[in-house]
Structures are given as C-alpha cells and as structure tokens.
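Visitor: Can you keep this structure in mind? I'll have questions shortly.
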C-alpha cells in the first residue's frame, strides 16, 4: 500500500530524502518517510520557541477517500500558551497511585485549522483520564466524548485537532491513542491528528514536540497499534491581548513565593520607565565599550541604533507647546468633571436619604400627621435642592484645589 | 439561605497563571460581547485559590446576522452565570473536572468589562445568586479588556458586602430601609486584593524561555545583518503599551460612559420626583377627605347621629409605591468607578505628557 503511494509521489520535485525510523517494541517494521523538502522556517517576532531552520516533511499519507486528492502540503502547528499552561497544570495533578504506572498524562487538544489545512492552531485542551500498565492502556473514551461536547458548547469554533501527552516517549500505546484520535468518526479524519508532547520531568528543561502520523502495518491488527510519527514544526505564539497577562505571569518567575500582584496603572508605568532606562543604559554602555575599542563593533547594531535615533520626530516647539496644552487641558477637564459628577451624585444620594429625616418622622402610613409630614418632606426637598447647589460648588472648589 | 456566614471572611484571592490566560483569552475573543465563565478552586482559610476556569456555553442568539444582536448576545452572556441551563452544565463540568483531579469547588465566576462598566444589575444579581445559592465564599473576577489593551492588565476581584446581601435579600431599597441599614453605594462591593500565582512547573517553563536581557555569551555573538535584529524572537520582551500616549480614545469613551450614567441618574431622579409629587397629591386628597369627614362627624354629633368611621380613607386611597433606589445606588457606584479610573489615567498620562514635552523641548519644562 505505502509503497504504491510513494511511487506515485516520487514524481514531485524533491530536494532531499530524509529517513525517519520509529521502532516500537512489537512492530519491527521500519518505515521511511520520503518526499521531504527543506524550507526555511521564519519566526515571527512573537514566537516563543527557538526554531531556526526547520525540516518540513511531507505529510505521510493516510487512507484517502477514493477519488479525493490526498494533500502532501506541510503542516505547521501553532500553540497558544494557555494550552501549555493547562497541560503543565494537568501534569501536576496526575494520580500518584503506586499500582499504576502513570508517569504521563494525556488529554485532548482543541483548536482551529486554517482553511487549506496547512496550519493548526492549538488553542485549548482538556485532560482525559487514562491508566497505563505494562500490558495495556485504558483511555476514558466516554469522558473524552462528553468533555468534547461540553467544550464545543462553549467554543463552537474550536474543533478536535489531536492529543497531548506529558512524556517525550512514543510507544505502542502512543500509536494506539494516535490512531484513535486520527480515526474516522470521532477523530480528526480526514485531517491528521496532531500529537503534542511536553516533557515534565523534574529537573529537566521543558521540551515540546509535535507530531503527525501515518498508518503503517501489514495487517489490520498491526495497523491498529502502530503509526509512523513524523515531527512537524511548531511554535508557541500569543496574541496582543495575552501579552500583558503573560508579562504579569512571567513577572512572578523570579519570586520566591511564585506570586505577583496586579500592578496599578501608575506602578506599571513606573516599571516600564525603569525598564527603558535600563535598556538605554545597556545600549550606552555598549556604545562606550565600542568607542573604547573593548568590544568589537557591529555594523548591524550600529545601523539599528541609527534607525532608532532617526525615529525621533522633528516638530516645531510651538506645535508641541500647543498640542501639549490642548491635551493636558482635555485630560484635566475630564478628570475634574468626572470628580465633580461623582461628588454631585454622592451628595444627591445622601440628600435623598437625609431629606426624610428632616420631616416625616413617623413614616408614610401615619394618617393623622400626614399633612405636616408632607410639608416636612417638601421642605426637605427644597432644602435639598439648595444644599445641592452649594454642595456642587464645594465639590468644584475641592476639585480645583486637587 | 445563607444566614451562616463563615467566621473568617475572605481576605485575598489567588489566581493561577493558567486561569489568568484562560480568562484573557475568552474575554478578548468575545470582545465586545460580554463573556462570562466559571471559576473553580478551593478556599484556604481567608485565602481563595482559583486554580481553573471554564467558559459558559455561548448562547445561540436567533440568527439575525450582523452586529445588531450584539446587545442581545451581551445580555444573554451577562446573565449566563445564573441561568438555569448553565447550572446543569456547570455541575456536569465540575463532575468531569473532579475526575482529573482538578480542585472542583465552586469559587465564583468571571466577566469581561469595557472601561470599567461592570457595575450593573446583572453583575449584582449574578454575584448575589452565587453568594446565596451556591457557596458563600465566591468572588466575581472582572477583566477589563479595553484597559488591558492599553497597558497593564486589569483584573479585579469583587464580592458583595454582607450589608448589601441582607438588603438585597429583603428586596427593599426604599429610602426608609436605606436609612435604617445605613447602606451607601460605597458599601455594595468589596474589592479583594488579587495575586497571581504560578506552579513550580510553570516557573520552570518560564525560565526555559529566552530572557529579555541577553546574557554575556549572547552579547558576544554579533548579529550578522540588520534584518536578523528585528527578527529575534523574544517572548518576554517588555511590553511598552503603558508608555503609549493615546489620550483621546480613552477620554471620549469615558465621557460617553459618564454621560450615560448621568442620564440614568437623571431618569431615576425624575422617577423619584414623580413619586413624591404623586405622594403629596394623594396625601393632600387624604387630608381633605379627613377634614370633610371630621366636619361631617361634627355635624352628625350635633344632630345626635352616630359618627362615621374616620379610617375609611385607607380603603379609598392608595399611596403610590416608592421606586427602589437600587438602580441609583449602582449607578452611583459606577460613576465612582469611572471617576477613579479617570483619576488614575490622568495621573499616568500627565506624567507621560510632561516627559514628552521635556524630551522634545529641553529646557521648556522649567518655564
């Protein structure tokens, strides 16, 4: 089967041949993935993982629908940090029973697929319980199905894209689970299922890897528990909105208690100004070192700094003065007005409750004293209005002073 | 009924890094529609630890296309935390999460906000529902999407004060009851200090990311071209949104919101005045009736007839209902929120503006 397909593909332009061999204990069948080509993988400025040049392998072919053209386009995986965070959290919460050998935990990945199917963005994930022993693996399929439904209710745009495990090891069980996730019906078929591994061994770096797979095996039995895993490039990317959150979370990384509090606006500003000052200092130190000929000069860096300096705008002093005055007036007026309104409303609230204490001592249903009660209230009301005017003035003056 | 308030009141909220990201993601995706979700975790004495969260199912707004139903969707989403259908969803989800060892205790809910416009009846009702029905020790986390995009992250934790809970339980917000309970708008919400907490694994992950300040070795290697400099991926590079000097959008939006609040206040005030006029009119009528009855009785007494009852007015006249003052209270709290926000903004922005002027016009600052 595979041989045939490969033969068909051989016509396509190929720059190199790469061999990926995955051996699992039962299946000694070694597979070759051919049809690879190099492509330089460029990072966007938001990428978290160092990914220099990457080897893009043509996607191994799965069972194709008769008549449909199987796609061999490269696949790129983007992981949002919250998925990783979620996986790490799950890993911390694994069962530590001694009778099962649950070193890793698994879960389902959700996300979106680009229209041409070349890019998969992992946005979300949830944990799925499983037990693994030397002989067998049990995954709670009902659980996975129900959770998937729950998630789809809340995020209708996200679809099942694959699964994760917290160990870098790929074994027979991995293949079994992979075939389940990539399968027809509940799986990701006809798209390949993405397998993400995140190592969480104590004392080691956390490593992430992504794979897709192709079916292998000569008999149906064999095919069920084997798969050819092909590594695919991935990057961790986050959006503008998450930036400030991530920054805050990262702010806690050097803290002993691993906590950070949410800064106020002015604190955040202070911190950023300090950071800019630190950067300026670093740059001027470097420039000085270059002038003193202690550090080798770099034309690229020089050019970069020159460009940055050229960004300083050239504006007329009068323009600046005018804009500055306009804007500062705007800011102060709005701030002043807001505070005046606050004071006014505060007063109005107090008077609304205070007006009654002036008059109608014995409430609304008094009956006999109704006449005086009304008068009292009216007096209170009038007094209230007068006082409000005065109060407003007082508020104004207070704000002026402020 | 939640008569038994726990002895130790909640003092602080601790948010797991994961939850922060989940909330940000959900809220910014749903923006400008309100997004709401559920928080789970556990409470440790006076500290509430929130360790996970999940969004509430999106509500299917009848498929009229476009942005016209944005408001409808917003309202539905804002009401989601106390919607019946979601309670089952929530229970099921908690059950599922418990199976994978997540701390599956209800600790509250979260909502998104736009420039601090979160103090409204929906929020109060939700939080009341949570504190009363589900678990007394719950919080509402408010994530302000617009303010977070301007720089520092805006996440706040709120609870309803016990005094307000009592007043709301009775459902009476008349002038009289307010006088008695001495409830002011400042006392509706209690804000709790919020902390972000990372797990050990997460800390280790964050350390494995490249550091924004290059190390000595990295500095030793020279960048080959200009292009490579602008490409260097640096995930934790400082975010200078706070230094951004965009004043006008914030000011216009805030003033718009403030004007809305004033309008609400005005409506409420009018309602109240209308009620008072109505009341005065009714009472005048009652007095007139009573006087008439009195003189009638006097003449009847002269004619040796039995006097007519003098308290019939209670059946004949009906005093108007006093409109509740809850809306006014909330509105006042909202205005306070805006004012504080503007204050904070003005503090930051005037500093920035003086800095800019000082930079562009050296020496002008002294004048």
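Residue numbers (full-length UniProt numbering), protein chains in the order written: chain H, 1 to 402; chain W, 1 to 367. Glycine residues also receive a C-beta, built at the ideal position from the N, C-alpha and C atoms.
To test your reading of the DSSP string, which unbroken beta strand (DSSP E) runs of 3 or more residues are found completely within the stretch 82 to 169 of chain W?
Guide: With a minimum length of 3 residues, the continuous beta strand (DSSP E) runs that stay inside the stretch 82 to 169 of chain W are 105 to 113, 139 to 144 and 155 to 160.
Visitor: Could you tell me how far apart the beta carbons of residue 192 of chain H and residue 213 of chain H are, in whole angstroms, since I believe they sit closer than 8 Å?
Guide: About 7 Å; that satisfies the 8 Å criterion.
Visitor: Considering Cα atoms alone, identify which of W/267, W/18 and W/139 is closest to residue 12 of chain W.
Guide: When only C-alpha atoms are compared, the closest one is W/139.
Visitor: Between the Cα of residue 323 of chain H and those of W/245, W/26, W/193 and W/159, spot the shortest distance and give me the residue it belongs to.
Guide: Ranking the options by Cα distance to residue 323 of chain H, first place goes to W/245.
Visitor: Going residue by residue through the stretch 221 to 297 of chain H, where are the continuous alpha helix (DSSP H) segments of at least 4 residues, counting only ones entirely within it?
Guide: Whole alpha helix (DSSP H) segments, 4+ residues: 240 to 251 and 265 to 291.
Visitor: Taking the Cβ atom as the reference point for each residue, do residue 115 of chain W and residue 104 of chain W lie within a distance shorter than 7 Å?
Guide: No, Cβ-Cβ distance for residue 115 of chain W and residue 104 of chain W is not below 7 Å.
Visitor: Just the Cα atoms here: how many angstroms apart are residue 195 of chain H and residue 36 of chain W?
Guide: So the alpha carbons of these two residues sit roughly 30 Å apart.
Visitor: Does any CB atom of chain W fall closer than 7 Å to the CB of residue 281 of chain H?
Guide: Chain W contact via Cβ: absent.
Visitor: Alpha helix (DSSP H) containing residue 193 of chain H: first to last residue?
Guide: Residue 193 of chain H -> no alpha helix (DSSP H), and no H or E assigned at all.
Visitor: How would you list, in chain order, the residues of chain W whose beta-carbon sits under 9 Å from the beta-carbon of residue 248 of chain H?
Guide: Residues of chain W passing the Cβ test: 17, 20, 152, 153, 155 and 196.
Visitor: Do residue 333 of chain W and residue 119 of chain W count as a contact pair if the criterion is CB distance below 7 Å?
Guide: Contact flag set, yes.
Visitor: Secondary structure at residue 333 of chain H, three-state DSSP: helix, strand or coil?
Guide: Three-state DSSP puts residue 333 of chain H in a helix.
Visitor: Kindly confirm or deny that the stretch 78 to 95 of chain H and the stretch 121 to 129 of chain H touch, where touching means at least three C-beta pairs closer than 8 Å.
Guide: Judged by Cβ distances under 8 Å, the stretch 78 to 95 of chain H makes contact with the stretch 121 to 129 of chain H, as three or more pairs qualify.
Visitor: Between residue 81 of chain H and the rest of its own chain, which residues show a CB-CB distance below 8 Å, the 5 nearest in sequence each way excluded?
Guide: 48, 236, 238, 242 and 246.
Visitor: Please confirm whether residue 10 of chain W and residue 137 of chain W have their CB atoms less than 7 Å apart.
Guide: Closer than 7 Å, so yes.
Visitor: Give, in chain order, every residue of the stretch 171 to 201 of chain W whose Cβ lies closer than 8 Å to some Cβ of chain H.
Guide: Within the stretch 171 to 201 of chain W, the qualifying residues are 175, 176, 178, 179, 184, 185, 193, 194, 195, 196, 197, 198, 199, 200 and 201.
Visitor: What residues of chain H sit near residue 357 of chain W, judged by a beta carbon separation below 7 Å?
Guide: 320 and 324, listed in chain order.
Visitor: Candidates H/166, H/162 and H/172: which alpha carbon is nearest residue 199 of chain H's?
Guide: Of the candidates H/166, H/162 and H/172, the one whose C-alpha sits nearest the C-alpha of residue 199 of chain H is H/166.
Visitor: What does the alpha-carbon distance come out to for the pair residue 277 of chain W and residue 301 of chain W?
Guide: Taking the straight line joining both Cα atoms gives about 36 Å.
Visitor: Our contact map puts residue 338 of chain H next to residue 142 of chain W with C-beta atoms below 8 Å; I'd like the distance itself, whole angstroms only.
Guide: Between residue 142 of chain W and residue 338 of chain H the Cβ distance is about 19 Å, and since that is not below 8 Å, they are no contact.
Visitor: Taking Cβ to Cβ, would you say residue 160 of chain W is nearer than 7 Å to residue 186 of chain W?
Guide: Taking 7 Å as the Cβ cut-off, residue 160 of chain W and residue 186 of chain W do not qualify as a contacting pair.
Visitor: Measuring only between beta-carbons, confirm whether residue 119 of chain W sits less than 7 Å from chain H.
Guide: No, its Cβ sits nowhere closer than 7 Å to a Cβ of chain H.
Visitor: Residues in its own chain within less than 7 Å of residue 173 of chain H by CB, not counting five upstream and five downstream?
Guide: Answer for residue 173 of chain H: 132 and 137, listed in chain order.
Visitor: Could you check the C-alpha separation between residue 134 of chain H and residue 103 of chain H for me, to the nearest Å?
Guide: Taking the straight line joining both Cα atoms gives about 12 Å.
Visitor: Where residue 354 of chain H and residue 179 of chain W are concerned, what is the direct C-alpha to C-alpha distance, given to the nearest angstrom?
Guide: One C-alpha to the other measures close to 8 Å.
Visitor: Hey, how far is the Cα of residue 350 of chain W from the Cα of residue 310 of chain H?
Guide: So the two alpha carbons sit approximately 26 Å from each other.
Visitor: Quick one: which chain H residues come within Cβ less than 8 Å of residue 343 of chain W?
Guide: Under the 8 Å cutoff, chain H gives 335, 338 and 339.
Visitor: Is residue 165 of chain W close to chain H, meaning its C-beta is less than 7 Å from at least one C-beta of that chain?
Guide: No - not a single Cβ of chain H is within 7 Å of the one on residue 165 of chain W.
Visitor: Evaluate residue 164 of chain H with the Cβ neighbour count: other Cβ atoms within 10 Å of its Cβ, from every protein chain shown; 16 or more gives buried, anything less gives exposed.
Guide: With 16 or more Cβ atoms within 10 Å of its Cβ, residue 164 of chain H is classed as buried.
Visitor: Here's the rule I'm using: 16 or more other beta-carbon atoms within 10 Å means buried, otherwise exposed. How should residue 147 of chain H be labelled?
Guide: Buried.
Visitor: Spell out the partners DSSP gives residue 197 of chain W in its beta bridges.
Guide: Paired residues: H/259 and W/16.
Visitor: For the beta strand (DSSP E) containing residue 86 of chain H, name the first residue and the last one.
Guide: Residue 86 of chain H -> not in any beta strand (DSSP E); alpha helix (DSSP H) instead, spanning 81 to 92.
Visitor: So with Cβ pairs under 7 Å, would you call residue 40 of chain W a contact of chain H?
Guide: Residue 40 of chain W does not count as touching chain H.
Visitor: Where does residue 306 of chain H fall in DSSP's three states?
Guide: In this structure, residue 306 of chain H counts as helix in the three-state DSSP scheme.
Visitor: Mapping DSSP to helix, strand and coil, what is residue 213 of chain H?
Guide: Three-state DSSP puts residue 213 of chain H in a strand.
Visitor: What's the C-alpha gap between residue 264 of chain H and residue 88 of chain W?
Guide: C-alpha separation (whole angstroms): 37 Å.
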